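Remarks on the structure that follows.
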Amino acid sequence: MPTVLGSLRRLVLTPKLADVGFEKRGFPVTPSPVTERLEAVPQAVVCGFEWGIDARGQWEVERKLAMVEPELRGFAYEGATMAFTVLDAMGPRGTRTRDLLMGPGQPHIFLAYIGIGFAMARLPRPLWKKVLPDLTGSPYHPTMSWLAVDGYGFDKAYFDTPRHIGRQEPLKPYPWQGAPDYFPRAVDQGIGRALWFVHGARPEAVASAVEAFAERRHADLWSGVGLAATFAGGCDHEGLAALRAAAGTSAPDLAQGAVFAAKARDYSGHLPEHSRASLAALTGLPAGAAVRLADDTGDAAAASGPAPAYELWRAAVRHHFAGTRNRPAA
0 MPTVLGSLRR
10 LVLTPKLADV
20 GFEKRGFPVT
30 PSPVTERLEA
40 VPQAVVCGFE
50 WGIDARGQWE
60 VERKLAMVEP
70 ELRGFAYEGA
80 TMAFTVLDAM
90 GPRGTRTRDL
100 LMGPGQPHIF
110 LAYIGIGFAM
120 ARLPRPLWKK
130 VLPDLTGSPY
140 HPTMSWLAVD
150 GYGFDKAYFD
160 TPRHIGRQEP
170 LKPYPWQGAP
180 DYFPRAVDQG
190 IGRALWFVHG
200 ARPEAVASAV
210 EAFAERRHAD
220 LWSGVGLAAT
230 FAGGCDHEGL
240 AALRAAAGTS
250 APDLAQGAVF
260 AAKARDYSGH
270 LPEHSRASLA
280 ALTGLPAGAA
290 VRLADDTGDA
300 AAASGPAPAY
310 ELWRAAVRHH
320 FAGTRNRPAA
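With numbering that gives the first Met the number 0 applied, the sequence shown closes on residue 329, and no number is skipped along the way.
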């Protein structure tokens, strides 16, 4: 049963379910079974947020999330994590987010970090220092916490598309993990993911949207496209082949995003057929090989250097596809 305060926060902080639909957002897509399936992703996030912000306890949220189909469950965890992050940041420092992510949310840690980024998009920056829980013991903390910045970029592009995609206005850097110079790059990875949804998984439109940005931003945008295309699906083999060709010299970045998506899906315990197909089309790898590549290159994140461990990991995956043509890590 919802609490009064929770309901007020929900009304203020999150859009209505209908408002995340592509037509409502004014995205240049034609309604189809593909767009309907893609729209289910943000809708699942909204549901997770509403369950989390209204809940009287974690058990209630866990039970609702468990009833979501495996294909969409991770996205619902994004929304619940977003809600718990808001609650923890706006009041005395709580442990809701940590308890969720060290418990049943652990398999969905990759998407959960993105949910933290959604919360960041709605919280004043002075509160950002409270959003990242101590997840000591998780093998992906804090390396993959850069996905929170990715989520922040996705949210800004999805809900203020004219500004951040149309006019391509940059977002002010923030010293996330002590690396303010890398912040815009992680943001662009999220914007790249948003392009996949904004253009309804249409390869030509997505490629044109990427090309409209400054060239220095292309690689990270393509990485986000690869992650979204593999995680969310929505495109056939022919279209994915065209997407890979359109990426050109950024094809290793597209492949890197696809590998991370496969790793995240596999870690959650559900790797759908559309993700396997997208992965093969964008990387030439079967799912097992892609997951092993992610695991094997994860050691690169332990290396010391000026670039964040997250970027070192991304660079190691890119190098697999680009060899000596791989661009610098930072």
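For every residue, glycine included, the Cβ atom is placed at its ideal position computed from N, Cα and C.
Just so it is clear, the structure is predicted and the values come from calculations on it, not from any experiment.
Alpha helix (DSSP H) segment containing residue i, residue limits
i: Y181; result: Looking at the DSSP string, Y181 is not in any alpha helix (DSSP H), and its letter there is neither H nor E.
i: L100; result: R95 to L100
i: Q42; result: P32 to D53
i: Q176; result: Element bounds for Q176: n/a, residue is neither H nor E.
i: W145; result: W145 to F158
i: H331; result: In this structure the chain extends from 0 to 329, so residue 331 is not present and cannot be described.
i: G225; result: H217 to A231
i: R291; result: A286 to T296
i: E418; result: Here the chain comprises residues numbered 0 to 329, so residue 418 is not present and cannot be evaluated.
i: G114; result: I108 to M119
Contact under 7 Å by Cβ, residue i with residue j
i: R317; j: P251; result: yes
i: L122; j: A79; result: no
i: A254; j: L292; result: no
i: L110; j: Y76; result: yes
i: D159; j: D187; result: no
i: R192; j: L226; result: yes
i: A147; j: I190; result: no
i: M143; j: Y112; result: yes
i: R92; j: P132; result: no
i: W312; j: A301; result: no
i: A257; j: T229; result: yes
i: H273; j: G232; result: yes
i: V40; j: F83; result: no
Rounded C-alpha distance that separates residue i from residue j
i: V33; j: E210; result: 24 Å
i: G331; j: K171; result: Given that the chain is displayed from residue 0 to residue 329, the structure contains no residue 331 and the question cannot be resolved.
i: V60; j: G247; result: 44 Å
i: H319; j: P125; result: 39 Å
i: Q42; j: A315; result: 34 Å
i: V85; j: A118; result: 6 Å
i: P27; j: A120; result: 24 Å
i: L16; j: C46; result: 8 Å
i: P141; j: Y309; result: 9 Å
i: A279; j: F21; result: 28 Å
i: A288; j: D294; result: 10 Å
i: V197; j: L37; result: 10 Å
i: E214; j: R55; result: 48 Å
i: V205; j: E237; result: 15 Å
i: D154; j: V44; result: 12 Å
i: S267; j: A286; result: 14 Å
i: L71; j: F212; result: 30 Å
i: D334; j: F259; result: A question about residue 334 goes unanswered here, because the residues of the chain that appear run from 0 up to 329.
i: R95; j: G25; result: 35 Å
i: G297; j: Q57; result: 32 Å
Residues of its chain near residue i, where Cβ-Cβ distance is below 6 Å and the 5 sequence neighbours each way are ignored
i: K63; result: W50
i: G199; result: V28 and T34
i: I164; result: A156
i: W145; result: A185 and Y309
Backbone secondary structure at residue i - three-state DSSP
i: E210; result: helix
i: G189; result: helix
i: E68; result: coil
i: K262; result: helix
i: G25; result: coil
i: S6; result: In this prediction, S6 has a pLDDT of 46, which is less than 50 and means its spatial position is unreliable; nothing more can be read from the coordinates.
i: V130; result: coil
i: R326; result: Per-residue confidence for R326 stands at a pLDDT of 41, beneath the threshold of 50, marking its modelled position as unreliable; no derived number is given.
i: L278; result: helix
i: R317; result: helix
i: P103; result: coil
i: Q255; result: helix
i: L86; result: helix
i: P271; result: coil
i: E77; result: helix
Chain-order list of residues whose beta-carbon lies under 8 Å from that of residue i (same chain, five-residue window excluded)
i: S31; result: G199
Close Cβ partners of residue i (< 7 Å) along its chain, the five nearest in sequence each way excluded
i: E168; result: R162
7 Å Cβ cutoff, residue i in contact with chain D
i: A250; result: Of the protein chains in this structure there is only one, and it is not chain D.
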